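Q:
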Amino acid sequence: MAGCVVPYIDLESCTRCGVCVDVCPAEAVVMGLAGPEFSDPEACTYCTLCETLCPEGAIACGFVIVWEGDSRRGADGPEGGVC
Ligand code: SF4
Ligand code: SF4
């Protein structure tokens with residue numbers, strides 16, 4: 011996606027169940043030693059499926075609000091990683 015923004019993953023809440031890895035249609039996430047990580051962040055389409063299906067609520071897809079004709083921006087929730 012434009013700007014390559016990826017969801018935020020709270021590794022403190024994550025139980026390493028692997029659901030996010032299994033459901034990601036873009037195969038952007040793999041299970042690393044410390045938990046899920048973005049192996050291909052540019053492939054993430056920000057579909058929010060991982061956020062919806064994470065049983066621990068450990069994933070957050072914050073969103074950016076852009077006012078038409080205005081360069082001001084605001085974010086809702088924790089910011090995802092930016093690559
Ligand atoms: S679905 Fe949630 S709890 Fe499971 S591995 Fe992914 S982030 Fe962790
Ligand atoms: S938002 Fe969609 S494409 Fe991006 S990591 Fe989550 S499931 Fe994969």
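Going by our numbering, the sequence shown opens with residue 11, and the numbers climb by one from there.
The beta-carbon is built from N, C-alpha and C at its ideal position, and this holds for glycine as well.
Quick caveat: nothing in here was measured; it's all calculated off a predicted structure.
#1: Can you tell which of C64, C57, V31 has its C-alpha closest to the C-alpha of F48?
#2: Measuring only the C-alpha atoms, how far is C27 from G79?
#3: Can you list, in chain order, the residues of its chain whose CB lies under 7 Å from that of A12, leaving out five sequence neighbours each side?
#4: By how many angstroms is the C-alpha of A38 removed from the C-alpha of A68?
#5: Would you say the beta carbon of E37 comes nearer than 8 Å to a heavy atom of ligand 1?
A: The structure says:
#1: Start at 1 with the first residue of the sequence shown, and residue 48 comes out as number 38. Here the closest residue by C-alpha is V31.
#2: Locating residue 27 in the sequence shown gives position 17, counting from the first residue. Locating residue 79 in the sequence shown gives position 69, counting from the first residue. Those two C-alpha atoms are separated by around 43 Å.
#3: The sequence position of residue 12 within the sequence shown is 2, counting from 1. In this predicted model, A12 has a pLDDT of only 48, less than 50, meaning its place in the structure is not dependable; the value taken from the coordinates is given anyway. Result list for A12: empty, nothing under 7 Å.
#4: For the purposes of this step, residue 68 is identified with residue 58 of the sequence shown, where counting begins at 1. For the purposes of this step, residue 38 is identified with residue 28 of the sequence shown, where counting begins at 1. Using only the alpha carbons, I get a separation of about 17 Å.
#5: Translated into the one-based positions of the sequence shown, residue 37 becomes position 27. Checking every heavy atom of ligand 1 against the Cβ of E37, none is found closer than 8 Å.
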